[in-house]
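Peer 1: This note's numbering numbers the first residue of the sequence shown as 392 and each following residue consecutively.
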Amino acid sequence: MAAAMLFSALSYVAAAMALLGFVPERVPFLRTVAAQVAGSFVKIVAPAAVGGVALNTRFLQRAGVRPGLAVASVGASQLFGLGCHILMLLAFGYLTGTEKTPSLSPSRTVIGGLLTVAVLVLVVTSVPFLRKFVVTRVRSLFAGVVPRMLDVLQRPQKLITGIGGMLLLTACFVMCLDASVRAFGDESTSVSIASVAVVFLAGNALGSAAPTPGGVGAVEATLTVGLIAVGLPSEVAAPAVLLFRLLTLWLPVLPGWLAFNHLTRKAAL
């Protein structure tokens with residue numbers, strides 16, 4: 392549990408790196424970390440994918456970045472994050488497919504993930520309201536991203552920081568979930584890191600798409616079902632997911648509220 396809490400805390404540093412890597416302008420690092428902590432409060436009152444984008448855009452504007460460039464920086468970060476997410480899901484899916492463990496059926500896991508993505512795409516494209524919502528949101532989010540990316544590409548150190556932050560952010564959450572599993576399980580109920588990573592990446596994707604604040608309900612159900620699918624008994628999977636969500640969603644709310652108020656008083660939000 393201590394290790395899970397440590398990885399959860401480290402995720403805010405990684406999130407700050409992932410954002411600043413796509414901002415050529417100079418922005419204070421510690422204040423950016425505080426903004427990511429403040430996002431823990433914002434995401435319980437707004438859908439996960441909306442609250443964080445709005446807060447980071449506002450934060451960059453207050454830090455002196457012009458509004459259009461702030462939106463483009465956040466959009467570039469989101470776009471690269473989406474690409475990294477897909478690549479990591481494929482990579483870890485492949486790794487689980489090459490494992491020889493009796494507790495995991497790799498082909499069913501990978502196929503289940505692909506079918507879930509296919510169903511989501513089918514639902515979004517077949518419902519006019521959802522299709523219009525997604526197109527409008529993507530268009531407004533990524534407007535001006537290409538010119539912004541050209542600015543970032545001229546600063547390789549920034550790009551490395553951004554991509555490194557994204558990888559570190561995912562690693563922190565995966566290790567937090569793995570530590571939560573180990574807090575309730577033992578050697579006989581352990582699963583590989585690759586399997587935990589696939590479960591987290593799939594659950595995070597569904598949580599971002601869910602309309603509930605912080606993906607409440609959708610993330611818990613997806614992670615629990617995913618862990619059971621890779622071989623964990625339900626009496627280990629359920630409390631492990633509850634601990635993971637407690638550390639990454641509910642406990643940070645109070646520090647997030649304090650950080651939000653502090654940054655607001657400092658005119659940083």
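Think of the CB as a built atom: it goes at the ideal place given N, C-alpha and C, for glycine as much as any other residue.
Could you say which of Phe-413, Ala-650 and Leu-634 lies nearest to Phe-432 if we only look at CA atoms?
Peer 2: The residue with the shortest Cα to Cα distance from Phe-432 is Ala-650.
Peer 1: Rank Val-627, Gly-556 and Val-543 by C-alpha distance to the C-alpha of Glu-578 and give the top, closest one.
Peer 2: Taking only the C-alpha atoms, the option nearest Glu-578 is Val-627.
Peer 1: For Leu-550, which residues of its own chain have a beta-carbon under 7 Å away from its beta-carbon, when the five flanking residues on both sides are left out?
Peer 2: Hits under 7 Å: Gly-412, Val-543 and Leu-544.
Peer 1: On a CA-only basis, which of Arg-573, Asn-595, Ser-581 and Ala-570 is nearest Thr-561? Give me that one, please.
Peer 2: Of the candidates Arg-573, Asn-595, Ser-581 and Ala-570, the one whose C-alpha sits nearest the C-alpha of Thr-561 is Asn-595.
Peer 1: Is there a Cβ of chain C sitting closer than 9 Å to that of Gln-452, yes or no?
Peer 2: Although the question refers to chain C, the structure presented lacks it and comprises just one protein chain.
Peer 1: Thinking Leu-660 and Arg-453 are a contact (beta carbons under 8 Å), I'd like their distance in whole angstroms, please.
Peer 2: Yes, Leu-660 and Arg-453 are in contact; Cβ-Cβ is about 6 Å, under 8 Å.
Peer 1: Mind checking which residues open and close the alpha helix (DSSP H) that includes Gly-455?
Peer 2: Taken as a continuous stretch (DSSP letters only), Gly-455 belongs to no alpha helix (DSSP H), as it is neither H nor E.
Peer 1: If the criterion is Cβ atoms closer than 9 Å, does the pair Ala-405 and Met-557 meet it?
Peer 2: Yes, Cβ-Cβ distance for Ala-405 and Met-557 is below 9 Å.
Peer 1: Look at the alpha carbon of Trp-648 and the alpha carbon of Gln-427, and state the distance between them as a whole number of angstroms.
Peer 2: One C-alpha to the other measures close to 11 Å.
Peer 1: Along the chain, where does the alpha helix (DSSP H) containing Trp-648 start, and where does it finish?
Peer 2: Residues 644-656.
Peer 1: For the structure I just gave you, are there three or more beta carbon pairs, one from the region 603-613 and one from the region 465-484, closer than 8 Å?
Peer 2: In short, these stretches do not touch, since the Cβ pair count stays below three.
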